[in-house]
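Written below as C-alpha cells is the structure these notes are about.
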Amino acid sequence: MSEAFSIVVDELVKRFRRFTAVNRISFSVARGEIFGLLGPNGSGKSTTIRMLCGLLTPTAGRVSVVGFDVARDPEEVRQHIGYMSQKFSLYNDLRVVENLEFFAGLYGVKGAQLTERIAWALEMAGLNGGEELITGDLAGGWKQRLALGCAVMHRPRVLLLDEPTAGVDPLSRRLFWELIHQMSADGVTVLVTTHYMDEAEYCNRLALIEAGRLVATGSPSELKRGAIRGDLLLVECAPLGRGLEIIKRQPGVLDAAVFGAALHVVVGAADRARAELPAALASAGVATSRIEPIAPSLEDAFVALAGKRHDLGATQ
Amino acid sequence: MTQAMVQVDGLIRRYAGRAVIENLSFAVQPGEILGLVGPDGAGKTTTLRILAGVLPADSGGARVAAQDVLHDPEAVKSVISYMPQHFGLYEDLTVDENIRFYAELFEVAAAAREQRARELLAACGMTPFRRRLAGQLSGGMKRKLGLVCALIHSPQVLLLDEPTTGVDPVSRRELWGILYSLVFGGVTVLISTAYFDEAERCHRLLLLHRGRQLFWGTPAELKGMLPGAVLSIASTDPERLRAALAGADGLLSAMAMGDALHVVVNEPARRIPELRTRLEAAHLAFDGITTVAATVEDVFAYMVSREPDQRGRRP
Amino acid sequence: MNWRRTAAIGRKEFIQVRRDSRSLLIAVLLPLIQILMLGYGARLDADHIPVYVFDQEGSQDSQALLKRFQASRYFDVIQVVDNYPAITRAIDADRCKLGLVIPWDFSERLNDAHRTAVQALIDGTDDNSAQLAEGYAQAVVEGYSNDVQLKWFAIHGMSQQAVAPLAVDYRTWFNEELESKNFIIPGAIALVMALMGALLSSLTIAREWERGTMEQLIATPATAMEIMTGKLVPYLVIGLFDAALCTVFAVGWFNTPFRGSVTALFVTTVMFLIVILGIGYMISVATKSQLGASQYALLVTLLPTSLLSGFAFPIDQMPGPIRAITYVVYSRYYVTALKAIFLAGAGTRDLIPEISAMAVYAVVIGFFATRAFRKSL
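Residue numbers (this note's numbering), protein chains in the order written: chain A, 96 to 411; chain B, -12 to 302; chain C, 4 to 380.
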C-alpha cells in the first residue's frame, strides 16, 4: 500500500451478537488530511474509531495505520496514533500539569523532550499559568484542549478524535478546529467523528455513515452539490401553513417543508419555479415576500442520501 | 400584541453557590417556537425544568399559560407537556401502554386517546410498532414516542429539552415537521438545542451561555448583530490562505473550513477585490470568493469572544 | 385524589412487575423458598436431652415432677445423684445437658400454697439447645404447677373457671406438642411479608429515578398522593396473595394448625403491609437508588422482624431492656397476632391490642410517607 495513505480501512465489519454495528466500511485517508465520519448516534462511528486504534477487534476486514496492520502490530500502531475519546479521559482530580505528565509517561516521553512538550501543550491549550488548576474545575473548552494536548504528547502521526466537540461552546469549538487545521498543515492525519452536521464542514473529506453503512464520501461541497436531485429554494410567504399546502401541490415541486419562518422547497428547475410559484400562491391568497435559490446544507445532503434507504425500523 | 403564553422576568436559579441561570427575561407568544440555544452548561435544561414546574427557582417570575409556575407549579401541569432530555418513558412498557399511561394521567377519554394516538403515530411513521416495547425502539423512534406521549393531551405549551440530540437527520426533520404543524394549530413550543444550525428553524431565539442570556430575538435580528459579512474563499488548502491573509485590512476573523476559508470582513464590497489581489500576489490558488449567510454559530462565537476570560470556574 | 390517575399508575406498576424477572422472583418465588426453608430449617427440636437429677426431698410430689420429665419425649433422666457437685461434674463432662435440683422443702411449700422453685442447671455451651432445654423444662414445670394449682383451688373450694390461669405463653398452652415448627411458621409469614414488601416497595421510586422516568412523571398532573397510592396498591395485592400462599403452604404442607379467623388474618396482614410498604416507599424516596434502597429496606424491616419480633426468639425470654425495645418493633404485633390466629384460634376481637398498635403505626407511617415525596427534582 502506498505511503500516501495514513489510514486504510478495507471492508471492515463489526458484529455484536446479532447486531451489525459496522457493515463493510472501506475508506482511505491521505497524509495530512482531515477526514470526518459523520452520522447520528448509534450509526457505528465510535465502533469504527475504536477498531482503528485497536481497542476493539474487527469481526472481519482490515485496518492499517501508517503502514502497520492494526491486528498484527497493535503496539507499533499505538506508537503512532493519538486518541481522544468522547468523554475526554482526563483525571478530573489531578492538576493540569499532572495530567500532561501522566500521559507523557504513558507514551514514554522523557527528559528535555518532556519539558518541551508540556510547554507546547500548555501554550496550545491556552493554559499557560494554569498548570496548577484542578482539571475538574476547567470549563469545557479548556478541558477539551487539554485532552487534545494529552493525546498528542508523543507527536503522533495520526490523530483519532471521537466526538471531540460534543457540548462545547462554539468559540471553544472554533479554537479547537483551528488547532486541528494547524496540526493537519504540519502533516498530521486527522480522523474525527461527529454528529454535528455543521461541524463536518471543517473536514477536508467526509464519509456519511448511517446504521453501520457508508452512505457516501466526498468533500463537503461535493456532497452538497451531488446529493440534491433538484434545486433548493427559500420561500417566504404568508400565511406560511397555507403556502406550504399550495406549494406541495404544484408540479415540479419535489419536496417542501417549513424552515423557521420560511419554506425550503426542492424543485426540478429553479428558474421555472421562481417564475411560477408566486403566481400560484397569489391565486390562493398567499403573498410571497421572498423567493431565492439557496445552497443546500450538509444536512440536506445527508437526508437526501440516507433518506433513500432510511428504514423506520427499530434497533435489533 | 396578545397576552404572552410564557412570560419570564428576572429568573434566577442558584446551585452550590453558583448561578445556574442568571436573570433571564423573555416572553413567548402563542403559536411561536422559541429556541433555547447554547452549549452544555448554558442553563437550557434548568430553564425548561423551572417552566415545567419540576424545579423551583430562587427568584424572579415565570408565568406559563396564565399560571404562576413558581408559586403553584402543579396548576400548570395539565396544560403543558414537558419532554426531558433523556428518554423519560418506560422501556418495559409497549408503545401503546406508554401512550395509555400518559393519556390517563392527563384524563384523556379513551375514544379521544385512540383517535389522537392513531393520528400522531401515523405522522411519526410509528403505526406498525404499537405493540413493541419502548426499550426496543431506535433512538429516533424513542424521541418520537416521547413526543406522541407529550402530545396525547393536546397541550397548550410544549417544552422540549434537546429532542434532536444524536437523532438521525431524517427523524429530526420529521420531528420538526410535526412541530410546525402543531404551531399552525396554535401550540406554543419551547425547544432547546445544542445544534446551532437547528436554531434557524425557530421563530425566536434565546441564546444562553454559562447561565446568562446573550440574546433574545429572531434569527434575522441576531444575524444583524454581526458586524460585517462572511465571505467564503473556496480552496483545497484554506490553512495557507489564512496565513497569507493575516493582518489584511478590514479582516475581523478567519476560519479554515474543510474546503474553504471563511472570513468576516467589515465592508464586503471594498474588501473582496482587496483580498483577491492579496491572494493572487501570494500565488495562492483559490476558487472564487462568495458572500455566505452568517450562521447563528458565527454570531454566538462573536458574542462569546467578547466575554471575559472563563478558563476555569475558580481561576 | 383522582382515581383514574391512581389506577393508571397502579396498572403501569403491575405491568412492570410482571415484565421484570427480578421483581417477579421477589414477589412469587422468594416467599415460597423462604417459607420452605424456614419450615424445614425450624426443626430445631432436640429430644432425649440427657438429665441428671438431685432430688433433695424425695417426696411423692418431687417424684411426680420427675415422672413428668421422664414421660416427656424431650428428656431422658439418666441418673439420680445425691450431691450438687455430681451434677456440675456431669455437665462439665458433657454427660448431661440439664441438671435438675429439687429443694428439700419442695412439697412442704407446695402444699402451703407458697411459691416454690426448682433449680435447673443448663449446659450453655450450645446456646440454641440450652434455650430449648430451658424452654422445655419450663413447660414441664409449668404444666405440673398448673395441675397443682388447680388441685389446690379445688381442695379449697374455689371454682376452676374463675381461677384458671390466663397468662400462659401460647407456646406451651396452644402448642401442646411443643413443636417449634408450629411456633416458627406463623411468624415466618411476617418475615416473608417484611422481606417481599420492603424489597419491592423500596425499588419503586428509586427505579423511576434511576431510569430517568421520574422527571417526566412529575411533570404530569399526578399528585404525590396518587403516585404513592398507585405504586403501593399493587404491592399490597401481591403481599396479600403471598400471605395466602404462605398460609396454604403452612397448613397444607407443614400441617400447621390454623384455628383462628381468616378475617383476622386479612385485617392484620393489610395493616402490616401498609406499615412495611410505607417504610420501603420512604426509603425509596430518600435514597433514589435501587441498590441503596434495597439494602436499607432489609436493614429496617428484615432485621427487627427476624430478631426482635418474637418470631424465633421468645420475647418473654429476652433481657428486660431488649424486651422493652420489642414494643416499638412494629412486626412484634403482627407476629403475636399471627401466632394467636394460627395456634390460639384468635379472631379479630381478640386481637384488638395488636390491631390497634399496628393501626397507630400505619397512620404514623402513612402520614410521613404521603409527605415524603415531593414533586420536584
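Where is the CB? At the ideal position from N, CA and C, for every residue including glycine.
This structure is a prediction, so every number in the text was calculated from the model and none was measured.
Between the CA atoms of residue j and residue i - distance to the nearest angstrom
i, j, result
"F17 (chain C)", "E84 (chain B)", "12 Å"
"E161 (chain B)", "V95 (chain B)", "25 Å"
"G255 (chain C)", "D353 (chain C)", "25 Å"
"A167 (chain C)", "A136 (chain C)", "Confidence at A167 (chain C) is low in this model, with a pLDDT of 35, below 50, so the placement of that residue is unreliable and no value is reported for it."
"A347 (chain C)", "R262 (chain C)", "6 Å"
"P150 (chain B)", "Y182 (chain B)", "11 Å"
"A201 (chain C)", "Y289 (chain B)", "57 Å"
"V171 (chain C)", "A343 (chain C)", "The predicted model places V171 (chain C) with a pLDDT of 32, which falls under 50 and marks its position as unreliable, so this point remains unresolved."
"G190 (chain C)", "P307 (chain C)", "13 Å"
"T443 (chain C)", "Y167 (chain B)", "Residue 443 (chain C) lies beyond the range of chain C shown here (4 to 380); nothing can be said about it."
"M228 (chain C)", "M4 (chain C)", "7 Å"
"R174 (chain C)", "Q298 (chain C)", "With a pLDDT of 36 at R174 (chain C), under the threshold of 50, the modelled position of that residue is not reliable, and the figure given next carries that caveat. Using only the alpha carbons, I get a separation of about 33 Å."
"R269 (chain A)", "W237 (chain A)", "12 Å"
"F370 (chain C)", "S205 (chain C)", "17 Å"
"G307 (chain A)", "T115 (chain A)", "7 Å"
"L310 (chain C)", "P324 (chain C)", "14 Å"
"S264 (chain C)", "T373 (chain C)", "32 Å"
"D79 (chain C)", "F72 (chain C)", "7 Å"
"A11 (chain C)", "L92 (chain B)", "7 Å"
"V236 (chain C)", "Y364 (chain C)", "18 Å"
Beta-carbon separation (whole angstroms), residue i vs residue j, contact threshold 8 Å
i, j, result
"Y284 (chain C)", "T207 (chain C)", "7 Å"
"T277 (chain B)", "L218 (chain B)", "7 Å"
"L318 (chain A)", "L301 (chain A)", "6 Å"
"P142 (chain B)", "S68 (chain B)", "4 Å"
"E296 (chain A)", "L393 (chain A)", "7 Å"
"L68 (chain C)", "I125 (chain C)", "At roughly 17 Å, the Cβ-Cβ gap does not stay under 8 Å, so L68 (chain C) and I125 (chain C) are not in contact."
"D148 (chain B)", "S179 (chain B)", "5 Å"
"D27 (chain B)", "G262 (chain A)", "3 Å"
"T284 (chain A)", "R252 (chain A)", "7 Å"
"L(-2) (chain B)", "A44 (chain B)", "6 Å"
"R227 (chain B)", "L262 (chain B)", "R227 (chain B) to L262 (chain B), Cβ: 14 Å. No contact."
Reduced DSSP category for residue i - H, G, I as helix; E, B as strand; rest coil
i, result
"Y182 (chain B)", "coil"
"R103 (chain B)", "helix"
"P53 (chain C)", "strand"
"N118 (chain A)", "strand"
"A157 (chain C)", "helix"
"Y77 (chain B)", "coil"
"W163 (chain B)", "helix"
"H249 (chain B)", "strand"
"L202 (chain C)", "helix"
"L57 (chain B)", "coil"
"D(-4) (chain B)", "strand"
"V363 (chain C)", "helix"
"V342 (chain C)", "Sequence check: residue 342 (chain C) is Lys here, not Val. In the structure shown, K342 (chain C) sits in a helix (DSSP, three-state: H, G or I)."
"D85 (chain C)", "coil"
"Y2 (chain B)", "strand"
"D58 (chain C)", "strand"
"L271 (chain B)", "coil"
"A167 (chain C)", "For A167 (chain C), the pLDDT reaches just 35, beneath the cut-off of 50, and the residue's location in the model is therefore unreliable, although a value from the coordinates is still provided. Coil at A167 (chain C), not helix or strand."
"R36 (chain B)", "helix"
Distance cut-off 8 Å: residue i Cβ against heavy atoms of the ligand SAH
i, result
"V363 (chain C)", "The ligand SAH is not part of the structure shown, which contains no ligands of any sort."
Does the segment 382 to 393 of chain A come close enough to the segment 23 to 30 of chain B to have 3 or more Cβ pairs within less than 8 Å?
Flag = no, the segment 382 to 393 of chain A and the segment 23 to 30 of chain B do not touch.
Tell me the start and end of each unbroken alpha helix (DSSP H) in the segment 236 to 322 of chain C that is at least 4 residues and wholly inside, in chain order.
Within the segment 236 to 322 of chain C, the runs of alpha helix (DSSP H) that reach at least 4 residues and sit entirely inside it are, in chain order, 265 to 290, 293 to 300, 306 to 310.
Taking only runs of the beta strand (DSSP E) that begin and end inside the segment 187 to 246 of chain B, which ones reach a length of at least 3 residues, in chain order?
Unbroken beta strand (DSSP E) runs of no fewer than 3 residues, entirely contained in the segment 187 to 246 of chain B, are found at 191 to 196, 199 to 204, 216 to 221, 238 to 243, following chain order.
Pairs of beta-carbons, one from the segment 172 to 187 of chain A and one from the segment 231 to 240 of chain A, closer than 8 Å: are there three or more?
Output reads yes: the segment 231 to 240 of chain A touches the segment 172 to 187 of chain A.
Contact between the segment 42 to 59 of chain B and the segment 270 to 286 of chain B: three or more CB pairs below 8 Å?
The segment 42 to 59 of chain B makes no contact with the segment 270 to 286 of chain B; the number of CB pairs closer than 8 Å stays below 3.
Contained beta strand (DSSP E) runs [length at least 3] in the segment 93 to 129 of chain C, N- to C-terminal order:
DSSP runs (the beta strand (DSSP E)) wholly in the segment 93 to 129 of chain C: 101 to 105, 122 to 125.
If you scan the segment 136 to 167 of chain A from start to end, which runs of the alpha helix (DSSP H) of 4 or more residues do you find wholly inside it?
Those alpha helix (DSSP H) runs which fall completely within the segment 136 to 167 of chain A and span 4+ residues are 140 to 147.
At which residue ranges does the segment 239 to 286 of chain A contain complete alpha helix (DSSP H) runs of 4 or more residues, listed in the order of the chain?
Taking only runs of at least 4 residues, the alpha helix (DSSP H) segments lying wholly in the segment 239 to 286 of chain A are 265 to 280.
If contact is defined by three or more beta carbon pairs under 8 Å, each pair taking one atom from either stretch, is the segment 210 to 224 of chain C in contact with the segment 333 to 343 of chain C?
No: fewer than three Cβ pairs fall under 8 Å.
Ranges of the alpha helix (DSSP H) found wholly within the segment 323 to 397 of chain A, counting only runs of at least 4:
Counting whole runs of 4 or more residues, the segment 323 to 397 of chain A contains the alpha helix (DSSP H) stretches 335 to 344, 365 to 378.
Contained alpha helix (DSSP H) runs [length at least 4] in the segment 164 to 197 of chain A, N- to C-terminal order
Complete alpha helix (DSSP H) runs here, min 4: 169 to 175.
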